[in-house]
Amino acid sequence: MILAERFKTGVSWLARAVAVSVILHVVIGVAWWLTRPSQEREVELVNIELAPPPPKAEALPEEVAKPPESAPPAQEEDTSHAATQPGEEERGEGFVDAGVDAPPPDAREKKKKRPDAAVMLADEGDAGVDAAGELAVTDDGGVDDGGGLAATGEGTGDGGAAAGDDAALVAMESGSGAGSGAGSGSAAEPGTAAFTGSGSGAPGMDNQPAVDGAPTSAGTAANLLAFFPAGHQVTVMIRFDRLRKTEWAEPAEAMFKPMPDYAALFGARTAAIGDKIDTLVISTPRPRDATATTLVVHSPLTRPELRVFLANPDAPITWSATKGGLFGKRTGKVPPNDKRVLLSPWQNWFLLAQPGDLGGLTAAAKGNLDTIEAKAKLPAWLQTLRTIEHESGDDKRGPALVMTLAGPGKRYAIPDVGLGVTSLPSPVRLSLAMELVKQGWLLRGNIVFGNEADASEFAQAVQDVQTRITDSRILSGLLRKQHALNMVTGLSLARTGARVSYATSISIADARALLAAAAVMVEAYFDGQSP
18 MILAERFKTG VSWLARAVAV SVILHVVIGV AWWLTRPSQE REVELVNIEL APPPPKAEAL
78 PEEVAKPPES APPAQEEDTS HAATQPGEEE RGEGFVDAGV DAPPPDAREK KKKRPDAAVM
138 LADEGDAGVD AAGELAVTDD GGVDDGGGLA ATGEGTGDGG AAAGDDAALV AMESGSGAGS
198 GAGSGSAAEP GTAAFTGSGS GAPGMDNQPA VDGAPTSAGT AANLLAFFPA GHQVTVMIRF
258 DRLRKTEWAE PAEAMFKPMP DYAALFGART AAIGDKIDTL VISTPRPRDA TATTLVVHSP
318 LTRPELRVFL ANPDAPITWS ATKGGLFGKR TGKVPPNDKR VLLSPWQNWF LLAQPGDLGG
378 LTAAAKGNLD TIEAKAKLPA WLQTLRTIEH ESGDDKRGPA LVMTLAGPGK RYAIPDVGLG
438 VTSLPSPVRL SLAMELVKQG WLLRGNIVFG NEADASEFAQ AVQDVQTRIT DSRILSGLLR
498 KQHALNMVTG LSLARTGARV SYATSISIAD ARALLAAAAV MVEAYFDGQS P
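This note's numbering puts the sequence shown at residues 18 to 548.
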């Protein structure tokens, strides 16, 4: 046959054709592999038990005290919510910010028991506090004409507040004074510091020294409490835009479903908030009072899309134009004592907030619902609110969760499990930033104690505990089962004065277990509080 005839080289036509075919297939295969979608090439095996290398504790910039903000505008217009009938006055809101379980005014001397939920470092207080931020010490837990923080005659007591010029802690007793009656600001439990500053650029209530360490990452020096009215105790920011298309998006949204505000805004439906919201911020002066929460949302939704997103047949919203932008008043099945209103001061942002925290922004105005934005002067906290995302960084990658808690600053007993520590001082403020990486999560943040001695004791205790765990297979095994070994052994600290920077990491398996446990705690915590 012709194909079988050999060339002068001794190779037949058939053999040559087969060789050419093989070469062409190899070339085509390599070209396909090089040009296929990148996500298909990035599939790789990851050891979910292995935590990413823990980062070193990072530097913290100095915090500088700021002068008190001027008081917000008088609230003559505050009762005009421009809802169904613009200009209609609503009465009887004098105690709108009082907790559901707040005692009557004559029962202030009765102390409340702290909740068992360990997730809360700060309990609720019911004394109203306006944005002036001045400290007023009174005997009755009320709010003076200056609108400052109210402290009872107990003084510092066992609150752990440091004395002297550098001290900024005030021991405060829960009261039921309500100030203007419509704000979210609150007094704190004894020894709780209501900080209003940030180590990442926002001035603070007191001076805090800089801390040396590795280069500062986004979120490490954050203090989210600085972005809300004085008295807020817990602020959490979730960057859903950094969780999308990851395994963490669905469980993160599922954690919010048991919260009363989820049902109040969306009813029984699944709102898919992870797809429609880029950033969600939750802040409250009283964690046990579902009606005290302030919500802040940054979303790519247009105004018409926003109104559809928030439509709830059980709690219809009447939308109107006000001096603060697009205003919404809820009716129908709204939780008792919940006077919060919706406000979109700018495109792609909306709030669920107390009327008293909005000054005169709820007064009626003329404008197109789809384009109107805030015209009146904003309260101090709203003037900086749109910069809150900077605390988590402006790059595509960065912390997906940042939170700040105000703590009691007390000493707590710890069960003796062989760690050599039976009690520790708690901080007056703690911030955490969690960044998602391929191998797990990086945890960074800062802690402020009531005094330098407490901070030094904490740092030494951490070092001693790490040594004991490293030397004990039993303790290591116990922490491994609790998915805490990586977090504890990888923890590094840097301290100056009463201020501590920390950093560590957890594995994917650790994060899955901790998230599942947190979801159970959240559901149990809010059980029975839903409207």
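Here a beta-carbon is modelled for each residue, glycine too, at the ideal position from N, C-alpha and C.
Model, not experiment: these values are computed from the prediction.
Item, Value
"What does the alpha-carbon distance come out to for the pair I525 and P416?", "16 Å"
"Count the other C-beta atoms from every protein chain shown that fall within 10 angstroms of the C-beta of I45, then say buried if there are 16 or more, exposed otherwise.", "exposed"
"What is the residue span of the alpha helix (DSSP H) that W366 lies within?", "From DSSP, W366 is part of no alpha helix (DSSP H) but of the beta strand (DSSP E) over 366 to 370."
"Mind checking L440: buried by the 16 CB within 10 Å criterion, or exposed?", "First, the residue type needs correcting, since residue 440 is Ser and not Leu in the sequence shown. It is exposed - the Cβ of S440 has fewer than 16 other Cβ atoms within 10 Å."
"When you compare the stretch 465 to 473 with the stretch 437 to 452, are there three or more beta-carbon pairs, one atom per stretch, that lie closer than 8 Å?", "yes"
"Helix, strand or coil, according to DSSP, for A530 in the structure here?", "helix"
"For K346 and I334, which I take to be in contact (beta-carbon distance under 8 Å), what is that distance rounded to the nearest angstrom?", "7 Å"
"Once DSSP output is grouped into helix, strand and coil, what is the label at E406?", "helix"
"Looking at the unbroken alpha helix (DSSP H) that takes in G248, where does it start and where does it end?", "From DSSP, G248 is part of no alpha helix (DSSP H); its letter is neither H nor E."
"For the pair the stretch 268 to 276 and the stretch 444 to 453, tell me if three or more CB-CB distances fall below 8 Å.", "no"
"Does the Cβ of G214 have 16 or more other Cβ atoms within 10 Å, making it buried, or fewer, making it exposed?", "The predicted model places G214 with a pLDDT of 38, which falls under 50 and marks its position as unreliable, so this point remains unresolved."
"Within 10 angstroms of its Cβ, does E390 collect 16 or more other Cβ (buried), or is it exposed?", "exposed"
"Excluding five sequence neighbours on each side, which residues of the same chain lie with their C-beta closer than 7 Å to the C-beta of D387?", "R320, P321"
"Straight-line CA distance for S409 to A235?", "5 Å"
"For A231, which of helix, strand or coil comes out of DSSP?", "strand"
"Please state whether the Cβ-Cβ distance between Q371 and P304 is less than 8 Å.", "no"
"Does Y519 pass the burial test, meaning 16 or more other C-beta atoms within 10 Å, or should it be called exposed?", "buried"
"Is it a yes or a no for the stretch 535 to 544 touching the stretch 244 to 260, going by three-plus beta-carbon pairs under 8 Å?", "no"
"Quick check on the burial criterion: 16 or more other C-beta atoms within 10 angstroms. Buried or exposed for D374?", "buried"
"So what's F543 in DSSP terms, helix, strand or just coil?", "helix"
"Note down, in chain order, each residue of its chain lying with its Cβ closer than 6 Å to the Cβ of V253, except the 5 sequence neighbours on either side.", "I299, M420"
"Going by DSSP, what residues sit across from F344 in a beta bridge?", "S337, L360"
"Exposed or buried, what is K356 when buried is set at 16 or more other beta-carbons lying within 10 Å of its beta-carbon?", "buried"
"Mark K413 as exposed unless 16 or more other C-beta atoms lie within 10 angstroms of its C-beta, in which case mark it buried.", "exposed"
"With a threshold of 7 Å on Cβ separation, who are the neighbours of P69 within its own chain once the five nearest residues in sequence on each side are excluded?", "V454, Q456, G457, L459, S522"
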